[in-house]
Amino acid sequence: MSYTPAELMACVAARELRDGEVVFVGIGLPNLACNLARATHAPDLVLIYESGAVGAVPERLPVSIGDPSLVTGSLMVCGMAEVFQSLLQNGRIEVGFLGGAQIDRWGNINTTVVGDYHHPQVRLPGSGGAAEIAIHARRTVVISRLNRRAFPERVDFITSPGHRMAGRTRRELGMPGAGPVKVVTDKAVLEPDPENGELVLSALYPGVTPDEVQAGIGWSLRRRDRLEAVARPSDQELHLLRDVLDPHQLYLKA
Amino acid sequence: MSYTPAELMACVAARELRDGEVVFVGIGLPNLACNLARATHAPDLVLIYESGAVGAVPERLPVSIGDPSLVTGSLMVCGMAEVFQSLLQNGRIEVGFLGGAQIDRWGNINTTVVGDYHHPQVRLPGSGGAAEIAIHARRTVVISRLNRRAFPERVDFITSPGHRMAGRTRRELGMPGAGPVKVVTDKAVLEPDPENGELVLSALYPGVTPDEVQAGIGWSLRRRDRLEAVARPSDQELHLLRDVLDPHQLYLKA
Amino acid sequence: MSLREAVAEHVRDGDTVVIEGFTHLICFAAGHEIIRQRRRDLTLCRLTPDLIYDQMIAAGCARKLVFSWAGNPGAGSLHAFRRAVEGKGGAPLELEEYSHFGMVGRLSAGAARLPFWPMRNYLGTDLPAANPRIATVECPYTGERLATVPALNPDVTIVHAQRADAQGNTQIWGLLGVQQEAAFASRRVIVVVEELVDEAVIRADPNRTLIPGLAVDAVVVEPWGAHPSYAQGYYDRDNAFYIGWEPISRDPAALEQYLATYVYGVADRTEYVARCGGLDRLRADQRVCAGVNYGF
Amino acid sequence: MSLREAVAEHVRDGDTVVIEGFTHLICFAAGHEIIRQRRRDLTLCRLTPDLIYDQMIAAGCARKLVFSWAGNPGAGSLHAFRRAVEGKGGAPLELEEYSHFGMVGRLSAGAARLPFWPMRNYLGTDLPAANPRIATVECPYTGERLATVPALNPDVTIVHAQRADAQGNTQIWGLLGVQQEAAFASRRVIVVVEELVDEAVIRADPNRTLIPGLAVDAVVVEPWGAHPSYAQGYYDRDNAFYIGWEPISRDPAALEQYLATYVYGVADRTEYVARCGGLDRLRADQRVCAGVNYGF
Numbered sequence: 000m001s002y003t004p005a006e007l008m009a010c011v012a013a014r015e016l017r018d019g020e021v022v023f024v025g026i027g028l029p030n031l032a033c034n035l036a037r038a039t040h041a042p043d044l045v046l047i048y049e050s051g052a053v054g055a056v057p058e059r060l061p062v063s064i065g066d067p068s069l070v071t072g073s074l075m076v077c078g079m080a081e082v083f084q085s086l087l088q089n090g091r092i093e094v095g096f097l098g099g100a101q102i103d104r105w106g107n108i109n110t111t112v113v114g115d116y117h118h119p120q121v122r123l124p125g126s127g128g129a130a131e132i133a134i135h136a137r138r139t140v141v142i143s144r145l146n147r148r149a150f151p152e153r154v155d156f157i158t159s160p161g162h163r164m165a166g167r168t169r170r171e172l173g174m175p176g177a178g179p180v181k182v183v184t185d186k187a188v189l190e191p192d193p194e195n196g197e198l199v200l201s202a203l204y205p206g207v208t209p210d211e212v213q214a215g216i217g218w219s220l221r222r223r224d225r226l227e228a229v230a231r232p233s234d235q236e237l238h239l240l241r242d243v244l245d246p247h248q249l250y251l252k253a
Numbered sequence: 000m001s002y003t004p005a006e007l008m009a010c011v012a013a014r015e016l017r018d019g020e021v022v023f024v025g026i027g028l029p030n031l032a033c034n035l036a037r038a039t040h041a042p043d044l045v046l047i048y049e050s051g052a053v054g055a056v057p058e059r060l061p062v063s064i065g066d067p068s069l070v071t072g073s074l075m076v077c078g079m080a081e082v083f084q085s086l087l088q089n090g091r092i093e094v095g096f097l098g099g100a101q102i103d104r105w106g107n108i109n110t111t112v113v114g115d116y117h118h119p120q121v122r123l124p125g126s127g128g129a130a131e132i133a134i135h136a137r138r139t140v141v142i143s144r145l146n147r148r149a150f151p152e153r154v155d156f157i158t159s160p161g162h163r164m165a166g167r168t169r170r171e172l173g174m175p176g177a178g179p180v181k182v183v184t185d186k187a188v189l190e191p192d193p194e195n196g197e198l199v200l201s202a203l204y205p206g207v208t209p210d211e212v213q214a215g216i217g218w219s220l221r222r223r224d225r226l227e228a229v230a231r232p233s234d235q236e237l238h239l240l241r242d243v244l245d246p247h248q249l250y251l252k253a
Numbered sequence: 000m001s002l003r004e005a006v007a008e009h010v011r012d013g014d015t016v017v018i019e020g021f022t023h024l025i026c027f028a029a030g031h032e033i034i035r036q037r038r039r040d041l042t043l044c045r046l047t048p049d050l051i052y053d054q055m056i057a058a059g060c061a062r063k064l065v066f067s068w069a070g071n072p073g074a075g076s077l078h079a080f081r082r083a084v085e086g087k088g089g090a091p092l093e094l095e096e097y098s099h100f101g102m103v104g105r106l107s108a109g110a111a112r113l114p115f116w117p118m119r120n121y122l123g124t125d126l127p128a129a130n131p132r133i134a135t136v137e138c139p140y141t142g143e144r145l146a147t148v149p150a151l152n153p154d155v156t157i158v159h160a161q162r163a164d165a166q167g168n169t170q171i172w173g174l175l176g177v178q179q180e181a182a183f184a185s186r187r188v189i190v191v192v193e194e195l196v197d198e199a200v201i202r203a204d205p206n207r208t209l210i211p212g213l214a215v216d217a218v219v220v221e222p223w224g225a226h227p228s229y230a231q232g233y234y235d236r237d238n239a240f241y242i243g244w245e246p247i248s249r250d251p252a253a254l255e256q257y258l259a260t261y262v263y264g265v266a267d268r269t270e271y272v273a274r275c276g277g278l279d280r281l282r283a284d285q286r287v288c289a290g291v292n293y294g295f
Numbered sequence: 000m001s002l003r004e005a006v007a008e009h010v011r012d013g014d015t016v017v018i019e020g021f022t023h024l025i026c027f028a029a030g031h032e033i034i035r036q037r038r039r040d041l042t043l044c045r046l047t048p049d050l051i052y053d054q055m056i057a058a059g060c061a062r063k064l065v066f067s068w069a070g071n072p073g074a075g076s077l078h079a080f081r082r083a084v085e086g087k088g089g090a091p092l093e094l095e096e097y098s099h100f101g102m103v104g105r106l107s108a109g110a111a112r113l114p115f116w117p118m119r120n121y122l123g124t125d126l127p128a129a130n131p132r133i134a135t136v137e138c139p140y141t142g143e144r145l146a147t148v149p150a151l152n153p154d155v156t157i158v159h160a161q162r163a164d165a166q167g168n169t170q171i172w173g174l175l176g177v178q179q180e181a182a183f184a185s186r187r188v189i190v191v192v193e194e195l196v197d198e199a200v201i202r203a204d205p206n207r208t209l210i211p212g213l214a215v216d217a218v219v220v221e222p223w224g225a226h227p228s229y230a231q232g233y234y235d236r237d238n239a240f241y242i243g244w245e246p247i248s249r250d251p252a253a254l255e256q257y258l259a260t261y262v263y264g265v266a267d268r269t270e271y272v273a274r275c276g277g278l279d280r281l282r283a284d285q286r287v288c289a290g291v292n293y294g295f
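Structure representation (structure tokens):
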């Protein structure tokens with residue numbers, strides 16, 4: 000069956016999740032990926048939304064992280080102080096999903112401003128919970144489509160720290176979490192170089208060439224010696240995505 | 000009708016409460032006093048117990064501040080973090096009741112140890128919530144029977160600060176609350192001298208002489224120029240105490 | 000008390016105002032009444048300014064915005080906010096920006112009447128550079144430096160809730176956000192409810208009470224008061240309205256027209272609901288849970 | 000899992016142990032099992048040591064006590080505790096003493112994985128002199144000094160609750176004490192419940208869940224497990240037992256006899272309940288509240 004890049008992105012993100020893990024879920028593709036994982040290899044995935052819903056089992060595709068369908072039938076609803084202190088800062092969140100307008104060479108993410116903070120060309124929404132998720136989640140997965148504006152060598156503003164911030168590493172800054180372990184794009188997967196944390200090409204999607212990836216990246220992208228192959232979406236994955244999880248193509252528009 | 004000292008103590012404490020006030024209630028006489036006030040001049044008194052029950056309306060005389068009868072039919076039950084942070088430290092508690100094994104000249108209270116802390120003659124229960132109530136309640140009312148052991152010039156250990164601690168005043172220490180405004184005993188009422196905070200005789204119970212009061216106090220007790228008269232318990236007060244609030248004489252044993 | 004009276008009495012020009020509710024229970028009714036009463040120079044605080052603050056900014060109520068995420072979830076931007084910040088028209092708007100955790104900490108400190116709240120956060124981010132009020136403190140035990148945010152103690156907080164009694168004992172279920180912290184942190188508190196209930200209803204289930212009446216200054220009954228936000232068990236979020244806000248908010252004339260029709264053009268919430276029409280489509284299904292035993 | 004297995008696996012000699020519950024839901028069943036398994040050198044932490052820690056101290060389980068109020072409410076003293084502290088027999092017992100607020104702050108810091116918790120407290124009291132772990136911190140905004148207490152992160156916390164599902168999603172109503180903070184602060188958590196319920200029961204009313212299963216290591220079903228403490232909606236506090244404890248606790252021989260009969264002399268909670276006899280007199284009346292609508 001043919002598939003869209005968005006569909007493969009959702010599959011790649013879903014495959015990154017292990018059964019039983021506690022995941023801080025975002026809206027859109029991350030939500031699809033988590034529900035896809037629950038419907039396939041990770042039935043006991045625990046979905047937590049920063050709005051306070053723990054163990055949510057949304058009966059419909061939530062349009063916002065505060066959707067009522069995340070509450071109905073969930074295991075627990077708690078205040079946001081518990082979410083950020085007793086769950087996130089406590090170290091209970093194993094995977095966090097992040098996205099952003101800009102992602103740089105070191106996995107730093109900008110969701111705050113394009114241009115100067117005090118005189119922005121484009122004012123973006125800001126951190127929300129992203130800054131603390133980037134710091135505290137045991138690991139994070141970043142999802143973003145490739146293009147040079149989205150992948151500059153250096154972000155205009157570090158909202159969510161990656162692996163190297165103004166030259167300092169996560170360890171030097173004493174951050175509990177491992178940071179972005181995978182950047183899932185529409186053409187390839189990037190992963191941090193274990194040596195210095197620089198994002199490098201680790202896996203190509205079927206039919207994509209390294210040059211196509213480089214074309215969407217604002218720095219000269221290094222690559223792993225051995226690139227992983229990414230399996231195309233299975234018929235089951237496509238069926239779930241198209242017929243069950245996002246039948247109205249809210250997030251999977253081609 | 001004749002009455003016992005305990006009955007008058009409960010009445011005097013009850014009369015100290017104004018309708019609509021928010022009161023941090025203790026077990027025993029304070030609880031009786033609050034419920035007597037609710038049944039007479041202060042129907043809208045809000046009873047809060049450190050256990051987390053707000054607006055409790057106990058159907059039976061609670062034996063402990065965690066009695067289930069404080070929960071059933073209360074206005075709110077919250078965790079103890081809310082009790083101490085959002086209610087007490089927040090400044091919402093208008094009156095707090097305190098008692099103790101030792102009360103000194105400055106209204107300091109000891110509920111920790113008799114003798115040296117590390118080698119106590121008598122180990123008392125400790126602070127519980129008393130230390131923070133003494134600091135944060137807008138005002139406190141102390142209830143204790145007179146005797147020289149209970150009213151030493153200086154307490155062995157300051158569990159709950161009064162008006163002068165090692166020479167320093169509440170204002171110097173930046174305490175939000177006004178401290179003990181009345182010490183209700185079985186023979187008389189003591190109040191702090193507005194000048195220096197020293198407890199002085201402010202009111203005598205019917206038929207009690209100043210010498211009888213001095214006999215139960217370990218320092219030379221000064222007295223107000225004009226002593227207030229304390230009205231004996233009314234028949235209504237006695238009826239409520241004996242027939243409604245403490246029919247089994249749990250706290251009103253003669 | 001009517002919402003008009005409550006806002007007239009408790010919301011003043013220059014106030015620091017919190018209308019909380021994380022997606023759930025956002026009191027649009029109060030925001031509209033504040034716009035109608037033409038309050039000015041307000042410092043508006045919310046984790047997510049949402050459409051309500053976009054409208055209040057467009058209406059000229061706001062001098063400053065304190066926030067952590069300013070977008071229209073899944074639908075686009077808050078364009079009145081963006082125009083002000085990007086210098087593309089509208090009055091200038093001062094910003095004080097945190098993350099969600101930072102805003103939660105600010106209100107937690109406010110509720111506890113502490114001057115600051117400690118957290119492990121912000122290292123490696125550019126937020127402290129953008130907001131000097133994000134500071135650090137040294138742990139007296141370990142010597143490590145922790146991030147701090149300053150307490151937020153609003154002049155007035157408006158909390159929307161499913162139900163309360165006449166004394167303001169307020170019960171909320173579903174998402175709780177920071178409604179309790181905001182109420183305890185505030186000098187004045189207005190509670191706006193879908194339903195006024197007898198005190199006996201509150202006392203029957205005291206663990207559901209999130210805000211005690213002793214912390215509440217005014218209780219207002221305003222059914223549909225959270226629309227286009229939602230009230231769990233009462234009505235669903237009007238997602239079509241949120242999506243429809245994108246083009247309205249993008250066009251200053253359209254936004255002005257919206258305010259003229261749905262805010263200035265109505266006397267109160269009842270007229271607003273009538274003008275919206277067909278809100279019954281949002282009425283919640285019945286998913287009633289079982290009760291628990293409070294006996295002893 | 001049986002309580003015997005849970006204690007054998009999760010409670011180890013030398014551990015810092017919290018059995019919380021403020022008057023309500025004190026897990027005597029777990030305390031008795033720990034005594035039966037003859038754990039030693041435990042650091043026992045509770046706001047109110049209550050009869051359960053008096054028994055564990057008498058049984059020789061405790062090396063240290065961390066607490067804020069050590070009495071038998073309305074009935075007298077914890078005499079095993081007093082004998083140890085007053086040097087009148089029994090093994091020596093190290094004390095680390097706070098006020099209730101201090102203990103609440105210690106567990107709040109532990110739950111948030113912060114090293115300390117700030118509060119306005121202790122000025123003018125002798126508590127900091129008695130306990131050097133009570134320190135101060137300077138506010139980075141106002142410069143004022145606030146009191147601090149260090150985080151408490153127990154090795155194991157045992158929470159008694161009305162009900163949980165097999166995954167440990169735990170619901171509590173009535174007094175909540177610091178059960179949630181203690182569970183999140185702890186490395187290992189045992190939940191002991193009156194009733195094991197289907198996950199659907201939990202999911203029907205998610206706002207009642209105090210502790211999520213992801214924070215729980217073992218779930219044990221033990222009806223009457225809190226006796227002589229109580230479980231709201233299940234059974235009343237056995238006040239007669241608390242009053243009767245005064246003479247038992249006062250007399251070491253009587254206390255030893257009590258342990259021999261009701262702790263060492265029974266294999267498990269079922270035998271304990273049978274030996275106590277007539278606990279049905281404590282069964283709770285029905286005061287069931289109405290449910291709320293979670294629909295949308």
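Residue numbers (numbering that gives the first Met the number 0), protein chains in the order written: chain A, 0 to 253; chain Z, 0 to 253; chain S, 0 to 295; chain E, 0 to 295.
All C-beta atoms, glycine included, are put in the ideal place defined by N, C-alpha and C.
Source: prediction; values computed, not measured.
Quick check: is the beta carbon of residue i nearer than 9 Å to any beta carbon in chain A?
i: residue 111 of chain E; result: yes
Would you say residue i faces chain E, with C-beta separation under 9 Å as the test?
i: residue 260 of chain S; result: no
i: residue 116 of chain Z; result: yes
i: residue 71 of chain A; result: yes
Using a C-beta to C-beta distance shorter than 7 Å, which residues of chain E count as neighbours of residue i?
i: residue 89 of chain A; result: 110, 111, 112 and 183
Would residue i pass as an interface residue toward chain Z - the criterion being a Cβ-Cβ separation below 9 Å?
i: residue 76 of chain E; result: yes
i: residue 212 of chain S; result: yes
Leaving out five residues before and five after residue i in sequence, what residues of the same chain have Cβ atoms less than 6 Å from its Cβ?
i: residue 78 of chain E; result: 248 and 249
Residue i touches chain S at which residues, Cβ-Cβ below 9 Å?
i: residue 145 of chain E; result: 113, 114 and 115
Using a C-beta to C-beta distance shorter than 9 Å, which residues of chain A count as neighbours of residue i?
i: residue 294 of chain E; result: 67 and 71
Classify residue i as helix, strand or coil using the three-state DSSP reduction.
i: residue 234 of chain E; result: strand
i: residue 12 of chain A; result: helix
i: residue 307 of chain A; result: There is simply no residue 307 of chain A to check, as chain A begins at 0 and stops at 253 in what is shown.
i: residue 65 of chain A; result: coil
i: residue 19 of chain E; result: coil
i: residue 178 of chain A; result: coil
i: residue 11 of chain E; result: coil
i: residue 202 of chain Z; result: strand
Against chain S, does residue i count as a neighbour if the rule is that its beta carbon must be under 9 Å from one of theirs?
i: residue 50 of chain E; result: no
Determine whether the Cβ of residue i lies closer than 9 Å to any Cβ atom of chain B.
i: residue 89 of chain S; result: You won't find chain B in this structure, because its protein chains are A, Z, S and E.
Rank the options by C-alpha distance to the C-alpha of residue i and give the top, closest one.
i: residue 278 of chain E; options: E/295, E/291 and E/234; result: E/234
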